[in-house]
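Please read the structure below before turning to the comments.
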Amino acid sequence: MRLSKLTATVIATAALGLIVGTASASEGPELKHVEFSFEGVFGTYDKAAAQRGFQVYQESCTNCHSMKLLSIRNLGEAGGPFYDEEHPNANENPVIKAIAAMFTVTDGPDSEGDMFERPAKPFDRFPSPFANEQAARASNGGALPPDFSVLVSAREHGPQYIYSLLTSYEDDAPEGVELRDGMNYNAAFKGGQIGMPPPLFEDLVEYSDGTKASVEQMAHDVVTFMAWASDPKMEERKRMGWMVMIYLFIFALLMYGSYKAVWRDVEH
Amino acid sequence: MSSYPGYDPKSGFEKWLDARLPIIRLGYDTFIFPTPRNLNYWWTFGAILAVILMSQIITGIILAMHYVPHVDLAFDSIQHIKRDVNFGWMLQPMHAVGASMMFLAVYIHMFRGIYYGSHKSPREVLWIVGVVIYLLMMATGFMGYVLPWGQMSFWGATVITNLFGAFPLVGESLTNWLWGGFAVDDPTLNRFFSLHFVLPFAILGLVMLHVWALHVPGNNNPTGVSVKNVDKDTLPFHPYYTIKDAFAIVVFLMVFVAFVFFIPDALNHPDNYIRANPLVTPPHIVPEWYYLPFYAMLRAVPNKLGGVITMFGAIAVLFVLPWLDTSKVRSMRYRPLAKLFFIIFVLACIGLGWAGAKSPTDLVFATGTDAATGAPVGFSFLWFARILTLYYYAFFVVILPVLGLVEKPKDRPESIQKSVLKSAPEEA
Numbered sequence: 032m033r034l035s036k037l038t039a040t041v042i043a044t045a046a047l048g049l050i051v052g053t054a055s056a057s058e059g060p061e062l063k064h065v066e067f068s069f070e071g072v073f074g075t076y077d078k079a080a081a082q083r084g085f086q087v088y089q090e091s092c093t094n095c096h097s098m099k100l101l102s103i104r105n106l107g108e109a110g111g112p113f114y115d116e117e118h119p120n121a122n123e124n125p126v127i128k129a130i131a132a133m134f135t136v137t138d139g140p141d142s143e144g145d146m147f148e149r150p151a152k153p154f155d156r157f158p159s160p161f162a163n164e165q166a167a168r169a170s171n172g173g174a175l176p177p178d179f180s181v182l183v184s185a186r187e188h189g190p191q192y193i194y195s196l197l198t199s200y201e202d203d204a205p206e207g208v209e210l211r212d213g214m215n216y217n218a219a220f221k222g223g224q225i226g227m228p229p230p231l232f233e234d235l236v237e238y239s240d241g242t243k244a245s246v247e248q249m250a251h252d253v254v255t256f257m258a259w260a261s262d263p264k265m266e267e268r269k270r271m272g273w274m275v276m277i278y279l280f281i282f283a284l285l286m287y288g289s290y291k292a293v294w295r296d297v298e299h
Numbered sequence: 147m148s149s150y151p152g153y154d155p156k157s158g159f160e161k162w163l164d165a166r167l168p169i170i171r172l173g174y175d176t177f178i179f180p181t182p183r184n185l186n187y188w189w190t191f192g193a194i195l196a197v198i199l200m201s202q203i204i205t206g207i208i209l210a211m212h213y214v215p216h217v218d219l220a221f222d223s224i225q226h227i228k229r230d231v232n233f234g235w236m237l238q239p240m241h242a243v244g245a246s247m248m249f250l251a252v253y254i255h256m257f258r259g260i261y262y263g264s265h266k267s268p269r270e271v272l273w274i275v276g277v278v279i280y281l282l283m284m285a286t287g288f289m290g291y292v293l294p295w296g297q298m299s300f301w302g303a304t305v306i307t308n309l310f311g312a313f314p315l316v317g318e319s320l321t322n323w324l325w326g327g328f329a330v331d332d333p334t335l336n337r338f339f340s341l342h343f344v345l346p347f348a349i350l351g352l353v354m355l356h357v358w359a360l361h362v363p364g365n366n367n368p369t370g371v372s373v374k375n376v377d378k379d380t381l382p383f384h385p386y387y388t389i390k391d392a393f394a395i396v397v398f399l400m401v402f403v404a405f406v407f408f409i410p411d412a413l414n415h416p417d418n419y420i421r422a423n424p425l426v427t428p429p430h431i432v433p434e435w436y437y438l439p440f441y442a443m444l445r446a447v448p449n450k451l452g453g454v455i456t457m458f459g460a461i462a463v464l465f466v467l468p469w470l471d472t473s474k475v476r477s478m479r480y481r482p483l484a485k486l487f488f489i490i491f492v493l494a495c496i497g498l499g500w501a502g503a504k505s506p507t508d509l510v511f512a513t514g515t516d517a518a519t520g521a522p523v524g525f526s527f528l529w530f531a532r533i534l535t536l537y538y539y540a541f542f543v544v545i546l547p548v549l550g551l552v553e554k555p556k557d558r559p560e561s562i563q564k565s566v567l568k569s570a571p572e573e574a
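Spelled out as structure tokens, the structure:
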């Protein structure tokens with residue numbers, strides 16, 4: 032390959048420019064740097080953390096936050112927090128059935144034309160706490176609790192941002208900050224004033240595996256759960272990614288060898 | 147032409163078919179085609195682009211089977227594809243990342259063309275067809291980015307379609323006609339989907355014209371010296387360049403799949419995971435990275451119409467490039483001054499991309515602080531973009547025309563064959 036130094040410089044600068052250009056400036060408050068099991072090219076979701084995170088979600092977050100794009104069965108599908116190899120079909124997983132039964136959904140119309148309520152089944156979507164956006168705003172001082180389905184993907188540095196948000200509430204606003212009515216002070220939120228009251232406090236939930244339910248622990252767990260909800264196929268994707276990379280690498284070697292063989296006696 | 151005897155039908159069936167529909171002959175002539183023996187790896191991006199185009203069309207057709215072009219359902223249908231459609235989690239990022247990869251490859255392809263003078267006589271039409279393909283790619287990519295109906299989709303569409311409102315007299319009716327209403331809404335989404343589906347096939351047709359226009363004069367090459375002796379200067383495209391292209395394609399695919407499987411959202415904006423909301427404007431509306439240089443030009447001009455003309459003019463000027471570049475020497479390898487200005491041009495394009503990603507008021511570097519407010523002052527991206535835009539245009543309308551007349555080129559090899567002989571002096 033005939034690459035002069037100049038062209039090599041141009042390529043390197045172009046690559047750098049692409050990275051710089053893509054990384055848009057974030058002017059928000061500084062985020063806490065926490066590590067998650069799902070980061071990096073080998074990362075996977077910590078199943079126990081995701082299960083604990085689901086518990087936090089179910090006992091606390093669902094009071095205000097919807098997760099409309101997920102079905103209850105998703106929890107038991109491959110890569111999900113409650114996946115069980117003995118029940119590859121999540122609809123037959125007893126844990127999933129039990130979780131589903133804890134929710135009530137509206138179904139219908141029945142043969143009389145009436146809507147009715149029934150316990151949820153694994154194939155149902157997660158029920159939303161409010162009937163519509165207006166109802167959600169009315170109950171939350173005008174603020175709209177965002178839907179959880181893709182929330183981690185919808186924020187820059189999503190996992191770090193949501194973890195920081197959940198752990199950066201302060202009882203008293205710093206001097207000079209006038210909190211508006213019904214607002215709470217959160218150092219990680221842009222502007223500092225957030226409608227959501229502190230959602231987590233010590234021992235809010237009781238973990239069945241004995242993990243101490245500190246605010247940091249719960250925040251870490253629920254972010255793991257939310258990250259899975261946003262990108263449930265991540266583990267499958269990375270796994271196949273490695274197979275594809277290895278396949279292409281061998282393919283490239285074969286092509287390079289063939290190229291050298293074909294061109295062996297040709298000056299070029 | 148002893149190396150290229152042409153297609154010789156052997157079997158009775160081949161002879162019969164060749165007399166009626168010489169399609170095997172067409173394939174033969176396309177692939178057993180005299181190609182300069184000295185093409186470097188920059189020449190592999192044409193084949194790479196063909197592969198990505200096919201990948202985009204195939205993944206796109208499958209995605210269209212599951213996508214719903216409706217303002218209330220589009221966002222959810224993308225998530226449905228990624229969560230519930232078999233291998234949808236792979237197809238959707240392949241298509242989205244594929245668009246970025248196609249632009250990456252086309253930019254390298256175009257820079258290569260400019261550097262080695264591939265736009266010059268007798269390849270002007272080949273170049274112009276290429277610019278039309280690029281223009282259609284821009285339109286297709288833009289409309290494709292609208293389809294997921296996230297915040298950036300909606301607001302990007304609003305900003306870009308509003309540009310047409312800058313034209314005097316017809317502006318407002320033109321934008322309303324584009325929208326199919328009085329704002330970006332369901333009719334806009336539907337027509338963008340329809341056009342996004344059909345334009346790639348127009349691109350495919352133009353690619354065939356592009357290849358046809360390539361086969362009349364034949365390939366340019368790194369020396370820019372025309373083929374003088376087919377036997378000595380060229381090799382048949384197959385197997386020599388099919389195998390070299392195949393190797394380059396596989397290497398490029400490794401970059402492609404690394405994005406698809408490990409960082410599928412790296413080139414996406416987080417805001418596009420928020421459902422489109424006409425009532426909430428994102429703080430920074432930025433287009434996809436491959437439009438950023440043009441976005442910077444648009445914002446570099448204080449007047450809206452002026453900005454729009456500057457932006458579209460930046461592409462329009464490419465159409466007349468074959469006549470702006472007055473030098474008789476094709477390859478910049480033998481044009482030391484042109485080479486220098488070309489490298490600055492590439493850096494200017496990258497710099498414009500950088501400026502497009504920033505707010506015009508952001509500072510490239512600070513020189514001090516404002517005495518009254520304490521805010522940092524210095525060299526803003528607005529002025530950075532203005533200087534680079536000026537250079538972009540100057541490169542085409544001043545530097546290239548003048549250089550062709552005043553520059554003294556270095557000695558060129560007598561022939562392609564001479565340039566690759568081991569005894570020949572190595573080029574710089």
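In the order they appear, the protein sequences are chains A and B.
The first sequence begins at 32 in our numbering and counts up by one.
The second sequence begins at 147 in our numbering and counts up by one.
Ideal Cβ placement from N, Cα and C applies to all residues, glycine included.
All values derive from a computational prediction rather than experimental measurement.
*Beta-carbon neighbours of S184 (chain A), restricted to chain B and to distances below 7 Å*: Residue numbering aside, residue 184 (chain A) sits at position 153 when the first sequence is read from its first letter. Under the 7 Å cutoff, chain B gives D411, P416 and Y419.
*Straight-line gap, S565 (chain B) to F488 (chain B) (C-alpha atoms, nearest Å)*: As a working note, residue 565 (chain B) is residue 419 in the second sequence. As a working note, residue 488 (chain B) is residue 342 in the second sequence. C-alpha separation (whole angstroms): 23 Å.
*Report buried or exposed for G287 (chain B), applying the criterion of at least 16 other Cβ atoms within 10 angstroms of its Cβ.*
Taking the first residue of the second sequence as 1, we reach residue 287 (chain B) at position 141. So G287 (chain B) ends up on the buried side.
*Mind checking if E247 (chain A) is an interface residue toward chain B, Cβ cutoff 8 Å exclusive?*
For the purposes of this step, residue 247 (chain A) is taken as residue 216 along the first sequence, with counting starting at 1. For E247 (chain A), the closest Cβ of chain B is not nearer than 8 Å.
*Examine chain B for any beta-carbon lying closer than 8 Å to the beta-carbon of H64 (chain A), and answer yes or no.*
As a first step, residue 64 (chain A) is located in the first sequence; it is residue number 33 there, counting from the start. With 8 Å as the cut-off, H64 (chain A) does not count as an interface residue toward chain B.
*Could you tell me whether any Cβ in chain B is nearer than 8 Å to the Cβ of H299 (chain A)?*
Here residue 299 (chain A) refers to the residue found at position 268 when the first sequence is read from its first residue. Answer yes: the Cβ-Cβ gap between H299 (chain A) and chain B drops below 8 Å somewhere.
*Residues bridged to V136 (chain A) by DSSP?*
Start at 1 with the first residue of the first sequence, and residue 136 (chain A) comes out as number 105. Answer is A:R149.
*Can you grab the Cα-Cα spacing for the pair H188 (chain A) / V403 (chain B), in whole Å?*
Working through the first sequence from its first residue, we reach residue 188 (chain A) at position 157. Working through the second sequence from its first residue, we reach residue 403 (chain B) at position 257. Going from the Cα of H188 (chain A) to the Cα of V403 (chain B) covers about 22 Å.
*Write down every uninterrupted run of the alpha helix (DSSP H) in the segment 477 to 545 of chain B whose length is 4 residues or greater and which is fully enclosed by it, in chain order.*
482 to 503 and 527 to 540
*Run through the segment 145 to 208 of chain A for me and flag every whole alpha helix (DSSP H) of 4 or more residues, listed as ranges in chain order.*
164 to 170 and 189 to 198
*asked:* Within 8 Å of any Cβ in chain B, is that where the Cβ of Y114 (chain A) sits?
replied: The count along the first sequence starts at 1 and reaches residue 114 (chain A) at position 83. Not closer than 8 Å to any Cβ of chain B, the Cβ of Y114 (chain A) fails to qualify, so no.
_Nearest residue (CA-CA) to I198 (chain B), options B:K390, B:T519, B:M283 and B:P416_ = Stepping through the second sequence from its first residue, residue 198 (chain B) is reached at position 52. Residue B:M283 is the option with its Cα nearest to I198 (chain B).
*Does DSSP put P333 (chain B) in a helix, in a strand, or in coil?*
In the second sequence, counting from the first residue as 1, residue 333 (chain B) sits at position 187. DSSP places P333 (chain B) in helix when its eight states are reduced to three.
*Taking the alpha-carbon positions, what's the S142 (chain A) to Y88 (chain A) distance?*
Sequence index remark: in the first sequence, residue 142 (chain A) carries index 111 (1-based). Sequence index remark: in the first sequence, residue 88 (chain A) carries index 57 (1-based). The straight-line gap from Cα to Cα measures roughly 35 Å.
*Is it buried or exposed for K156 (chain B), if we count other Cβ within 10 angstroms and need 16 for buried?*
Within the second sequence, residue 156 (chain B) is the residue found at index 10, counting from 1. K156 (chain B) is exposed by the Cβ-count criterion.
*With a cut-off of 8 Å on the beta carbons, I'd call L100 (chain A) and Q225 (chain B) a contact; round off their distance for me.*
Indexing the first sequence from 1 puts residue 100 (chain A) at position 69. Indexing the second sequence from 1 puts residue 225 (chain B) at position 79. Their Cβ separation, rounded to whole angstroms, is 5 Å, which keeps L100 (chain A) and Q225 (chain B) in contact under 8 Å.
*If T472 (chain B) and P547 (chain B) are in contact, beta carbons under 8 Å, what's the gap, nearest whole angstrom?*
Taking the second sequence and counting its residues from 1, one reaches residue 472 (chain B) at position 326. Taking the second sequence and counting its residues from 1, one reaches residue 547 (chain B) at position 401. Correct: roughly 5 Å between the Cβ atoms.
*Do three or more CB pairs link the segment 368 to 381 of chain B to the segment 394 to 410 of chain B at distances below 8 Å?*
no
*Can you check DSSP and say which residues form a bridge with Q224 (chain A)?*
Locating residue 224 (chain A) in the first sequence gives position 193, where the first residue counts as 1. Per DSSP, A:Y216.
*Give the range of the alpha helix (DSSP H) segment to which P385 (chain B) is assigned.*
As a position in the second sequence, residue 385 (chain B) is number 239, starting the count at 1. Where P385 (chain B) is concerned, the enclosing alpha helix (DSSP H) stretches over F383 to F408.
_Beta-carbon neighbours of M400 (chain B), restricted to chain A and to distances below 8 Å_ = Start at 1 with the first residue of the second sequence, and residue 400 (chain B) comes out as number 254. Going along chain A in sequence order, the residues near M400 (chain B) (Cβ under 8 Å) are M276, L279, F280 and A283.
_Simplified DSSP assignment, three categories, for P559 (chain B)_ = Counted from its first residue, the second sequence places residue 559 (chain B) at position 413. Reduced to three states, the DSSP call for P559 (chain B) is coil.
*asked:* Check whether chain B comes within 8 Å of G52 (chain A), counting only Cβ atoms and requiring the distance to be less than that.
replied: For the purposes of this step, residue 52 (chain A) is identified with residue 21 of the first sequence, where counting begins at 1. Since pLDDT at G52 (chain A) reaches only 44, below the 50 mark, its modelled position is unreliable, and the value read off the structure follows with that caveat. At least one beta carbon of chain B lies nearer than 8 Å to the beta carbon of G52 (chain A).
*Could one say the Cβ of W235 (chain B) lies closer than 8 Å to chain A's Cβ atoms, at least one of them?*
Along the second sequence, read from residue 1 onward, the residue named residue 235 (chain B) stands at position 89. It does: the Cβ of W235 (chain B) has a partner Cβ on chain A nearer than 8 Å.
*For the putative contact between N184 (chain B) and P368 (chain B), defined by C-beta atoms under 8 Å, what is the C-beta separation to the nearest angstrom?*
As a position in the second sequence, residue 184 (chain B) is number 38, starting the count at 1. As a position in the second sequence, residue 368 (chain B) is number 222, starting the count at 1. Their Cβ separation, rounded to whole angstroms, is 6 Å, which keeps N184 (chain B) and P368 (chain B) in contact under 8 Å.
*Which residues of chain A have a Cβ atom closer than 7 Å to the Cβ of V566 (chain B), listed in chain order?*
On the second sequence, residue 566 (chain B) is found 420 positions in, with the first residue counted as 1. Correct list: E298 and H299.
*Would you kindly report the start and end of the unbroken beta strand (DSSP E) that includes T181 (chain B)?*
On the second sequence, residue 181 (chain B) is found 35 positions in, with the first residue counted as 1. Its beta strand (DSSP E) spans residues P180 to P182.
*asked:* Checking 8 Å against the spacing of the C-beta atoms, do P150 (chain A) and C95 (chain A) come in under that value?
replied: Numbered from its first residue, the first sequence carries residue 150 (chain A) at position 119. Numbered from its first residue, the first sequence carries residue 95 (chain A) at position 64. Going by C-beta atoms, P150 (chain A) is not nearer than 8 Å to C95 (chain A).
_Here's the rule I'm using: 16 or more other beta-carbon atoms within 10 Å means buried, otherwise exposed. How should Y278 (chain A) be labelled?_
Within the first sequence, residue 278 (chain A) is the residue found at index 247, counting from 1. Result: exposed.
*Output, in sequence order along the chain, the residues in the segment 545 to 562 of chain B whose CB is closer than 7 Å to any CB in chain A.*
none
*Examine chain B for any beta-carbon lying closer than 8 Å to the beta-carbon of G272 (chain A), and answer yes or no.*
By one-based count along the first sequence, residue 272 (chain A) stands at place 241. Closer than 8 Å to some Cβ of chain B, the Cβ of G272 (chain A) qualifies, so yes.
*C-beta atoms of W301 (chain B) and I431 (chain B) nearer than 8 Å*: Against the second sequence, residue 301 (chain B) aligns to sequence position 155. Against the second sequence, residue 431 (chain B) aligns to sequence position 285. With respect to the 8 Å criterion, W301 (chain B) and I431 (chain B) are classified as neighbours on the basis of their beta carbons.
_Close Cβ partners of V475 (chain B) (< 8 Å) along its chain, the five nearest in sequence each way excluded_ = For this step, residue 475 (chain B) is matched to residue 329 along the second sequence. Only G263, G370, R481, P555 and R558 meet the Cβ criterion.
*Please determine if the segment 267 to 284 of chain B and the segment 337 to 356 of chain B are in contact, where contact requires at least 3 C-beta pairs separated by less than 8 Å.*
The segment 267 to 284 of chain B is in contact with the segment 337 to 356 of chain B.
*May I ask you to report which of helix, strand or coil DSSP gives R166 (chain B)?*
For the purposes of this step, residue 166 (chain B) is taken as residue 20 along the second sequence, with counting starting at 1. Here R166 (chain B) sits in helix by DSSP.
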